[in-house]
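Chains as they are written, first to last, in this note's numbering: chain U, 10 to 356; chain L, 101 to 570.
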């Protein structure tokens with residue numbers, strides 16, 4: 010026979026564990042609700058500042074690590090004078106992703122009032138001391154303060170630094186157009202892409218010439234960005250240069266081209282008409298899709314249903330483009346049934 | 101050897117199994133609590149405002165697969181369109197619904213049919229039409245032939261333009277910061293993090309629960325829904341969150357699964373040969389990355405990102421859970437080669453064996469334990485007092501584990517009102533009597549259906565909702 014003594018003990022322990030945890034949940038929650046205070050409390054007292062500074066300096070345990078992270082942000086949030094350069098530099102160089110991340114956030118808070126914080130952010134971006142996209146987000150928010158400091162990034166020997174430099178300069182229309190034009194020919198495709206994106210936002214006629222040179226770049230995403238940038242800088246005048254990209258072997262490039270043509274407005278329609286007869290099916294489909302999106306198909310269907318141009322577009326767009334257009338203008342119902350629609354209309 | 105000896109041996113095997121499972125649960129609870137606290141500290145230091153507005157925040161393509169979801173789909177889509185996220189596209193795939201799902205979407209979002217020419221990198225059933233809305237340019241609806249959820253998600257991937265894809269369910273309503281929470285860690289390590297999932301709560305009517313103020317969110321009074329809520333809490337906080345810390349997060353849930361698109365394309369998208377797509381894909385990601393020695397992480401965050409609809413009758417619940425059990429067994433069987441293989445690291449050494457122990461063998465042992473204990477008592481091997489004490493131990497161990505999950509969730513989110521927390525904690529010890537039998541039945545049925553190679557969807561009928569919610 011099995012003795013029931015150990016079982017009684019096990020049962021009691023389990024029941025007590027449930028009770029204790031339940032009490033912890035309820036008491037902890039009630040305490041939390043009572044403690045809740047608005048975030049903007051009084052300024053940090055000198056004693057608290059000393060404690061935060063001590064915590065922010067280094068950590069030994071996992072709990073200490075999180076206290077360090079909180080302290081870094083709290084000091085910066087309060088803009089306390091003890092939030093000093095060496096504290097954040099040390100955090101950035103700790104090699105810990107979370108601490109580095111917290112330092113970046115803190116520096117973003119400090120940068121509007123402390124020049125050294127801005128310098129540290131740029132140093133962190135250059136030396137990969139924290140996730141670069143996070144640092145870039147902070148620097149982007151601080152515009153226009155970083156301004157000329159970012160220009161130096163464009164001539165860095167590391168492609169990733171040039172890339173971020175080019176991306177961040179999108180906020181500064183006139184700061185480094187010359188250098189960005191040169192970067193369009195950079196050996197690194199990511200740098201070329203970033204330069205194209207920024208030039209597309211703020212470039213000039215000279216920049217357009219550099220951008221057009223990238224339309225036949227060997228790297229797919231460079232071609233796609235070149236297409237978008239060219240569309241923004243050149244308007245309708247460069248549309249003939251973009252049309253061959255409707256036949257590009259990469260879907261991404263074809264999508265970027267269609268997007269650019271749509272953005273150029275109804276004026277592109279006359280350029281697209283010859284494409285409807287091209288031998289390449291991607292190009293024919295793409296031209297028909299853009300004409301559909303610009304409303305040309307619907308207008309012709311309503312106003313000039315027998316127009317040969319309409320038939321050419323519908324032929325290039327194939328069966329489903331026709332069906333979709335007929336549904337939109339109300340020639341058929343959603344299931345493609347003309348008779349059903351006619352019957353409903355008569356009723 | 102007498103029958104009594106055999107029975108005694110069986111009781112010892114069951115006791116051994118229970119001890120092993122409870123010890124592993126205990127370890128996971130402690131690990132899960134630590135992970136949850138770490139994530140809580142981390143979430144406090146994140147700058148959500150900056151992430152929400154920065155042009156360097158990674159854009160996401162959200163894909164919602166819908167099959168016969170007419171009452172729920174528009175609310176789910178609205179919650180996705182209301183995300184506080186700088187750049188996203190929402191792709192809704194109507195997987196050949198036979199109800200009015202498509203018509204509801206057309207009406208609610210003023211959709212018009214258009215023709216698109218997407219790439220076809222992953223095979224999917226024939227697309228019937230594409231729809232766009234003039235009012236909501238980042239919404240695209242695909243109407244396709246029925247092919248199952250995996251097929252619908254694959255059709256969405258063919259049109260996804262962004263670097264990360266988030267697969268979601270049509271019966272779930274998302275909080276406005278769901279994507280931001282899901283993507284916050286990805287932005288620290290986009291090269292390493294290939295998959296993210298997060299906690300999803302449960303309610304009979306998700307839209308009603310979502311509108312309640314934070315800190316006072318209710319839990320359904322119905323014990324059936326409340327037990328499902330507890331089940332979700334245990335699954336997330338005592339398991340998935342702990343698995344994340346131990347680097348073998350084996351189930352990114354279908355209701356909210358973020359994946360790096362290039363990896364999905366490389367793996368050929370979601371697999372169609374399984375009852376459900378989510379667990380299988382997670383296993384496949386682990387299998388591929390570990391086999392090829394590539395660095396990667398799949399995370400489950402303790403953040404609650406939405407509320408999904410739970411079955412409100414036992415019949416619907418059994419249909420849902422037997423399907424889950426089936427897919428677990430299917431997946432573990434398909435990837436059995438990973439078990440105990442050092443090349444698969446913690447996934448092979450701990451993750452897969454744990455899955456076998458706690459999920460695949462559980463229904464067999466749960467029934468076996470009760471039958472042997474009862475038989476041993478009837479045959480006089482034990483007296484009834486022992487039987488009752490063992491039942492008491494199981495009851496309170498389960499209740500304590502549930503309370504630990506409630507504690508983890510509340511420490512992280514502080515979402516539910518105190519009286520609702522008390523309601524959950526009071527229900528916990530009755531779980532063995534009121535809820536487990538239903539689970540035993542559903543899991544046994546699921547295992548049986550796996551053995552019979554049944555791969556039907558057996559989707560549960562949606563709950564009746566208030567008209568305003570629909």
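Glycine included, each C-beta is placed from N, C-alpha and C at the ideal position.
query, result
"In this structure, how does DSSP classify residue 189 of chain L when only helix, strand and coil are distinguished?", "strand"
"By the DSSP assignment, the beta strand (DSSP E) with residue 513 of chain L in it spans what residues?", "Per DSSP, residue 513 of chain L belongs to no beta strand (DSSP E); it is in the alpha helix (DSSP H), 484 to 513."
"Does DSSP classify residue 114 of chain L as helix, strand or coil?", "helix"
"Name the chain A residues whose beta carbon is nearer than 8 Å to that of residue 485 of chain L?", "Although the question refers to chain A, the structure presented lacks it and instead comprises the protein chains U and L."
"Relative to the C-alpha of residue 147 of chain L, which candidate in L:201, L:283 and L:265 has its C-alpha closest?", "L:283"
"What does the Cβ neighbour count give for residue 496 of chain L, buried or exposed, with the cut at 16 atoms within 10 Å?", "buried"
"Can you have a look at residue 3 of chain U and say buried or exposed, based on whether 16 or more other CB atoms are within 10 angstroms of its CB?", "There is no way to answer for residue 3 of chain U, as the model of chain U reaches only from 10 to 356."
"With 8 Å set as the bound, which would you pick, yes or no: does the beta-carbon of residue 17 of chain U sit closer than that to a beta-carbon of chain L?", "yes"
"For the ligand SAH, is there a heavy atom less than 7 Å away from the beta-carbon of residue 296 of chain L?", "You won't find the ligand SAH in this model; it holds no ligand whatsoever."
"Who are residue 164 of chain L's beta bridge partners in DSSP?", "L:192 and L:268"
"Would you kindly work out how many angstroms separate the C-alpha atoms of residue 569 of chain L and residue 201 of chain L, rounded to a whole number?", "With a pLDDT of only 38 at residue 569 of chain L, under the threshold of 50, the placement of this residue in the model should not be trusted; the figure read from the coordinates follows. In a straight line, the C-alpha of residue 569 of chain L is about 15 Å away from that of residue 201 of chain L."
"So who's on the other strand from residue 299 of chain L, going by DSSP bridges?", "L:404"
"Around the Cβ of residue 105 of chain L, are there at least 16 other Cβ atoms within 10 angstroms (buried) or fewer (exposed)?", "exposed"
"Indicate whether the contact test is met: 3 or more Cβ pairs, each with one atom in the segment 185 to 194 of chain U and one in the segment 203 to 216 of chain U, closer than 8 Å.", "yes"
"Cα separation between residue 360 of chain L and residue 255 of chain U?", "27 Å"
"Taking just the CA atoms, how far does residue 14 of chain U sit from residue 29 of chain U?", "22 Å"
"Among L:468, L:369, L:411 and L:241, which one has its Cα closest to the Cα of residue 327 of chain L?", "L:411"
"Consider the Cβ of residue 193 of chain L: report whether some Cβ of chain U lies at a distance smaller than 8 Å.", "no"
"List, in chain order, every chain U residue whose beta-carbon is nearer than 7 Å to that of residue 500 of chain L.", "23, 26, 27 and 30"
"Below 8 Å on the Cβ atoms is my contact criterion, and I expect residue 242 of chain L with residue 175 of chain L to pass it. Report the Cβ-Cβ distance as a whole number of Å.", "Wrong, their Cβ atoms sit about 19 Å apart, outside the cutoff."
"From the beta carbon of residue 161 of chain L, is the nearest beta carbon of chain U less than 8 Å away?", "no"
"For residue 53 of chain U, which beta-bridge partners are listed by DSSP?", "Partner(s): none; residue 53 of chain U has no beta bridge."
"Do three or more CB pairs link the segment 72 to 92 of chain U to the segment 106 to 114 of chain U at distances below 8 Å?", "yes"
"Counting only beta-carbon atoms, is residue 226 of chain L nearer than 8 Å to chain U?", "no"
"Can you pull the chain U residues whose beta carbon is under 7 Å from the beta carbon of residue 492 of chain L, in chain order?", "20"
"Given a threshold of 16 other Cβ atoms within 10 Å of its Cβ, counted over all protein chains shown, does residue 451 of chain L qualify as buried or as exposed?", "buried"
"Suppose contacts are defined by Cβ-Cβ distances below 8 Å. Is residue 546 of chain L in contact with residue 422 of chain L by that definition?", "yes"
"Could you give the distance in angstroms between the alpha-carbon of residue 176 of chain U and the alpha-carbon of residue 207 of chain U?", "6 Å"
"Given that residue 330 of chain U touches chain L, what residues does it touch there, using C-beta distances under 8 Å?", "215"
"Could you tell me whether the segment 229 to 243 of chain L touches the segment 185 to 201 of chain L, where touching means 3 or more Cβ pairs closer than 8 Å?", "yes"
"Would you mind reading off the limits of the beta strand (DSSP E) that contains residue 232 of chain L?", "227 to 233"
"Below 8 Å on the Cβ atoms is my contact criterion, and I expect residue 444 of chain L with residue 292 of chain L to pass it. Report the Cβ-Cβ distance as a whole number of Å.", "The Cβ separation is near 18 Å, so there is no contact."
"Roughly how many whole angstroms lie between the Cα atoms of residue 314 of chain L and residue 420 of chain L?", "29 Å"
"Pick from L:290, L:216 and L:528: whose alpha carbon is nearest that of residue 141 of chain U?", "L:290"
"Which class does residue 366 of chain L belong to by DSSP, given the choice of helix, strand or coil?", "helix"
"Would you mind listing the beta strand (DSSP E) stretches within the segment 78 to 116 of chain U that are 3+ residues and don't spill past its ends, in chain order?", "none"
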